[in-house]
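Asker:
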Amino acid sequence: MFIVRLSATVRRTNSGPNSLRTSCGPPQYIRPVLGFQYKATIARSTRLYSSSPSTASTMTTITLNTGAKMPAVGFGLWKVTKSSCADTVYNALKAGYRLLDGAGDYGNEKEAVVTSKLWNTFHAHDHAKALVKKQLADWGIDYFDLYLIHFPVSLQYVDPAERYPPEWWGEDKKTVTLASVPYQETWRALEEIHDEGLAKNIGVSNLQGSILLDVLRYARIAPAVLQVELHPYLTQEGLVALAKVHNIAITAYSSFGPQSYVELGIDKSAPSLLQHDIVSSIASKSNKTPAQVLLRWAIQQGLAVIPKSNNHDRLLSNLDVVAWSLSDADMKAISALNINLRLNNPAEIDPRMGIFA
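Per the working numbering, the sequence shown starts with residue 5, numbered consecutively.
#1: Are there 16 or more other CB atoms within 10 angstroms of the CB of residue 259, so buried, or fewer, so exposed?
#2: Check each candidate in 230, 122, 235 and 120 and name the one with the smallest Cα separation from residue 340.
#3: CB residue 226 to CB residue 66, shorter than 8 Å?
#4: Ignore the nearest five residues each way along the sequence and tell me which others in residue 206's own chain have a CB closer than 6 Å to its CB.
#5: What is the residue span of the beta strand (DSSP E) that residue 351 lies within?
#6: As a quick exercise: from 136, 208, 144 and 169, pick the residue whose alpha carbon is nearest that of residue 157.
#7: Hey, quick one: how far does the alpha helix (DSSP H) through residue 190 stretch, first residue to last?
#8: Look up residue 282 in the DSSP assignment and say whether it is helix, strand or coil.
#9: Does the stretch 297-304 come close enough to the stretch 244-253 that 3 or more CB-CB pairs lie under 8 Å?
#10: Where in the stretch 92-172 do unbroken runs of the beta strand (DSSP E), each at least 3 residues long, occur, reported from the N-terminal end onward?
#11: For residue 203, which three-state DSSP category applies?
#12: Near residue 118, what residues of its chain come up, given a Cβ to Cβ distance below 6 Å and the 5 sequence neighbours on each side ignored?
#13: So, with DSSP's three-state summary, where would you put residue 241?
#14: Exposed or buried, residue 255, counting other C-beta atoms within 10 Å across all chains shown (16 or more means buried)?
#15: Does the stretch 159-178 come into contact with the stretch 116-132, if we say contact requires no fewer than three beta-carbon pairs (one atom in each stretch) closer than 8 Å?
#16: Would you check if the distance between the CB atom of residue 189 and the CB atom of residue 129 is smaller than 8 Å?
#17: Any contact between the stretch 288-295 and the stretch 314-333? By contact I mean 3 or more CB pairs, one from each, below 8 Å.
#18: Closest to residue 81 by CA distance: which of 202, 164, 138 and 310 is it?
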């Protein structure tokens, strides 16, 4: 892990050009927080530490199958704009977050666990190994604490010198060009990335059980983490049970369900979980916010969560989900909201990418 010690006098600087995307990166927009424009010094540590009194005593971790500790509540960098990225991440670290969840396609005394992901256009063995080195250089660090394959979808390679991040489409913003790279080849590359010390833990994202079982058959190093969309409208009990049986930790993204996609104009005709009568009722009697209830519902299942907020008060309240619990009845009531509503589905971009079919 990285400890980032901020000097007593913090000099804020411009974090970069205005964003043309809805996400945080490339990671050079985060680098100021990790030790450059904020005059920080970086040192290695394996000790979980928080300088925030409000979070130091309540920081909960999940133990991975490698023995490493991962904070149960992290900060997601998806949809954080380039122009606000450095300040947003700085504020998250200051609030007490110690897990930063980024990706190769998010185009956007303190300690941070840094997660990144391999995008679909870099699944070929040599491309994967070259990309992780670029991402590390962009972050200004020596290794990732956790490195994931973003989707089980292989797309045509795009040279980062030509376009980065490459996104799903070609330059015309309309055409998706698939590539024939077996997932096994990509996993082998991640194993080598781990062997070379470029990632302390490796994992997968957006997999269903059948592909996860296949990975476990040929993997020399088993995935440490499975990151998936998971919220009360998409509870994925079977997948959670499968991962737990194989000692694979789960990180749930989009914990607030449809609310996580409002900015993208995705309307699945489902009521907001944050305004749902059942969630609101449980929040009221628990003296918590609906967002805290949704996060606690996941945490109480042994899952990690990675909410995002640009609001200082919500940054703090989203961390306050470990020192209290929901009743069994409340947990069941929230889980009963499941309607198998998947909001992040590549098949809606191109039916050839029906990974959840």
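Where is the CB? At the ideal position from N, CA and C, for every residue including glycine.
Answerer: If we stick to the structure as given:
#1: To locate residue 259, count along the sequence shown from 1; it is residue 255. Residue 259 is buried by the Cβ-count criterion.
#2: Within the sequence shown, numbered from 1, the residue matching residue 340 stands at position 336. It is 235.
#3: Along the sequence shown, one-based indexing puts residue 226 at 222. Along the sequence shown, one-based indexing puts residue 66 at 62. Result no, Cβ atoms of residue 226 and residue 66 do not sit closer than 8 Å.
#4: Stepping through the sequence shown from its first residue, residue 206 is reached at position 202. 151, 194 and 198.
#5: Counting from one through the sequence shown, the residue named residue 351 turns up at place 347. From DSSP, residue 351 is part of no beta strand (DSSP E); its letter is neither H nor E.
#6: Within the sequence shown, residue 157 is the residue found at index 153, counting from 1. When each option's Cα is compared against that of residue 157, the closest is 208.
#7: Reading the sequence shown from its first residue, position 186 is the one you call residue 190. Taken as a continuous stretch (DSSP letters only), the alpha helix (DSSP H) holding residue 190 covers 187-199.
#8: Against the sequence shown, residue 282 aligns to sequence position 278. Helix, per DSSP.
#9: no
#10: 103-105, 114-122 and 150-153
#11: Locating residue 203 in the sequence shown gives position 199, counting from the first residue. It is a strand residue.
#12: By 1-based counting over the sequence shown, the position of residue 118 is 114. Closer than 6 Å at Cβ, skipping near neighbours: 104, 148 and 149.
#13: The residue you call residue 241 lines up with position 237 of the sequence shown. In the structure shown, residue 241 sits in a helix (DSSP, three-state: H, G or I).
#14: To locate residue 255, count along the sequence shown from 1; it is residue 251. Flag for residue 255 reads buried.
#15: yes
#16: Translated into the one-based positions of the sequence shown, residue 189 becomes position 185. Translated into the one-based positions of the sequence shown, residue 129 becomes position 125. Contact: yes.
#17: yes
#18: On the sequence shown, position 77 is the one that residue 81 refers to. With distances taken between Cα atoms, residue 81 lies closest to 310.
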